[in-house]
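Colleague: Sequential numbering from 2 applies to the sequence shown in the working numbering. Ideal Cβ positions, reconstructed from N, Cα and C, are used throughout, including at glycine.
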Amino acid sequence: MFAKEFKTTVSQKPVMIGIDSKHDNIIFAIESSCDETAAAIVKNGREVLSNVVASQIKTHIEFGGVVPEVAAREHLEAINLVISQAFEQAGLKGSDITAFAATVGPGLVGSLLVGMNAGKTLALAYDKPFIGVNHLNAHVCANYLNTDLKPPFVALLISGGHTQIIQVKDYFEQNIIGETIDDAIGEAYDKVARLIGLPYPGGVNLDKLAKTGNPFAFKLPEAKLANEYDFSFSGLKTASLQLIQKLKKESDNLPIADIAASFQENVSSVLFRKTKKAAESINAKTIVLAGGVAANSEIRRKFFNLKDEGYNIYAPEMKYCTDNAAMIASCAYFLAGTMDSISVEVFSRM
Ligand code: KG4
Ligand code: ZN
């Protein structure tokens, strides 16, 4: 069964949520785990009726990164407007919604609390069920938005906090084949971007700069690991730092485009090779990319080329790669059977 019975918050009426619920599920979701305040309404996990994202990038540029207390305050300021815009864009009101959902973790606790409490309040005010959603599962579910993707598939989850190769056997059933043993890939992007003087947010700026450089200018190392599907990026980070220090001594003109391109070539090749091998090892012919780093141009290029070898490749539209609430709504629907209701609390780490 891919549906679960939830109770409305006040009158305790049962409401089935999920694929087998036999009625339309219009889910209103909120995302506030890091530096985007977002709300969206999605019908039956795939059809996006509205999608609103307020980014805090401008504020965090000043600090060179996300400061948790500042992020929480920004969420408080943006949340009401984002919620009303999501209703307005869809032309719907609270009584039209089947259930309210919000990210409950992992993420910054102060930030998560703002979104989760707003979601719970809406559920109470309109007497609807509340569904607490896991942010990581939601990134993978972004691939269901506006597509006909169905499990089984292999997912490469690459974000600011995680790097995992996941075997998704069915909507609820998954198995982690490999993951990072230290830094997440997005973290590595952001750190190397800072080392070559690029502004926050580092990943997307490094991606842009890399397009103008020579990807084979510098050879950077790859970690050898016990599980061939695991990742490690801390050595690469140190090697990048050492390379930059050496080049700075040799000349005043740091070849930042070549460094960016060489770094990007290194990580995109590692992610690509390991994920492809993992897919081959379990005979999977569908690979999906998920998370903020799935917006990366070179990673997308390498994977989409696999279509010529008979693979089905999915990656969310750019706006659904980085944090958004449409993926939270989709996840509340497809993974409803595994989700907690109104009593759920926020959590910072898995
Ligand atoms: O999924 P996400 O929005 O937030 C987390 O859940 O972590 O991912 C954010 C990460 C950041 O590290 C950001 O630099 C990276 O995704 N990112 C990129 C690109 N766009 C965003 N990294 C490389 N290339 C990009 N185009
Ligand atoms: Zn995320």
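(1) Between the C-alpha atoms of Ser85 and Gly95, what's the straight-line distance to the nearest angstrom?
(2) Under DSSP, the alpha helix (DSSP H) around Tyr334 begins and ends at which residues?
(3) Can you round the beta-carbon distance between Ala143 and Leu109 to whole angstroms, since I take them to be within the 8 angstroms contact cut?
(4) Considering only heavy atoms of the ligand ZN, does any lie closer than 8 angstroms to the CB of Gly133?
(5) Just how far apart, CA to CA, sit Ile31 and Leu50?
(6) So Asn313 is in the beta strand (DSSP E); what residue range does that whole segment cover?
(7) Considering only heavy atoms of the ligand ZN and the C-beta of each residue, which residues fall inside 5 angstroms, strictly closer?
(8) Quick one: using the 10 Å Cβ neighbour count with 16 as the cut-off for buried, is Leu137 buried or exposed?
(9) Using a 10 Å radius around the Cβ and a threshold of 16 neighbouring Cβ atoms, would you call Asp149 buried or exposed?
(10) Ile42 to Leu221, Cα distance in whole Å?
(11) Taking its Cβ as the centre, do 16 or more other Cβ atoms sit within 10 Å of Ser12, making it buried, or is it exposed?
(12) When the Cα of Leu196 is compared with those of Gly214, Phe217 and Lys238, which residue comes out closest?
(13) From the DSSP output, in three-state form, read off Glu78 for me.
(14) Taking Val141 as part of the alpha helix (DSSP H), name the residues at either end of that continuous run.
(15) Pairing CB atoms from the region 105-121 with CB atoms from the region 21-41, are three or more of them under 8 angstroms?
(16) What residue does the beta strand (DSSP E) around Glu32 start on, and which one ends it?
(17) Rounding to the nearest angstrom, what Cα-Cα distance links Asn325 and Val53 in this structure?
Modeller: By the coordinates alone:
(1) Walking along the sequence shown from the start, residue 85 turns up at place 84. Walking along the sequence shown from the start, residue 95 turns up at place 94. Spanning the two alpha carbons is a distance of roughly 10 angstroms.
(2) Taking the sequence shown and counting its residues from 1, one reaches residue 334 at position 333. Where Tyr334 is concerned, the enclosing alpha helix (DSSP H) stretches over Ala327 to Phe335.
(3) Position 142 of the sequence shown holds residue 143. Position 108 of the sequence shown holds residue 109. 20 angstroms between Cβ atoms; not a contact.
(4) Here residue 133 corresponds to residue number 132 of the sequence shown, with the count starting at 1. Gly133 Cβ: outside cutoff for every heavy atom of the ligand ZN.
(5) The residue given as residue 31 occupies position 30 in the sequence shown. The residue given as residue 50 occupies position 49 in the sequence shown. Approximately 14 angstroms, taken between the alpha carbons.
(6) For the purposes of this step, residue 313 is taken as residue 312 along the sequence shown, with counting starting at 1. Asn313 to Tyr315 is the extent of the beta strand (DSSP E) around Asn313.
(7) Ser160 and Asp324
(8) Translated into the one-based positions of the sequence shown, residue 137 becomes position 136. Leu137 should be labelled buried.
(9) Translated into positions along the sequence shown, residue 149 becomes position 148. When all chains shown are included, Asp149 counts as exposed.
(10) Position 41 of the sequence shown holds residue 42. Position 220 of the sequence shown holds residue 221. Between Ile42 and Leu221, the C-alpha separation is close to 44 angstroms.
(11) Taking the first residue of the sequence shown as 1, we reach residue 12 at position 11. Classification of Ser12: exposed, given that the 10 Å Cβ count is below 16.
(12) Within the sequence shown, numbered from 1, the residue matching residue 196 stands at position 195. Nearest C-alpha to Leu196: Lys238.
(13) For the purposes of this step, residue 78 is taken as the residue at position 77 of the sequence shown. The answer is helix: DSSP assigns Glu78 an H, G or I state.
(14) For the purposes of this step, residue 141 is taken as the residue at position 140 of the sequence shown. Taken as a continuous stretch (DSSP letters only), the alpha helix (DSSP H) holding Val141 covers His136 to Cys142.
(15) yes
(16) On the sequence shown, residue 32 is found 31 positions in, with the first residue counted as 1. Per DSSP, Glu32 belongs to the beta strand (DSSP E) from Ile27 to Glu32.
(17) For this step, residue 325 is matched to residue 324 along the sequence shown. For this step, residue 53 is matched to residue 52 along the sequence shown. If you take the alpha carbons of Asn325 and Val53, they lie about 8 angstroms apart.
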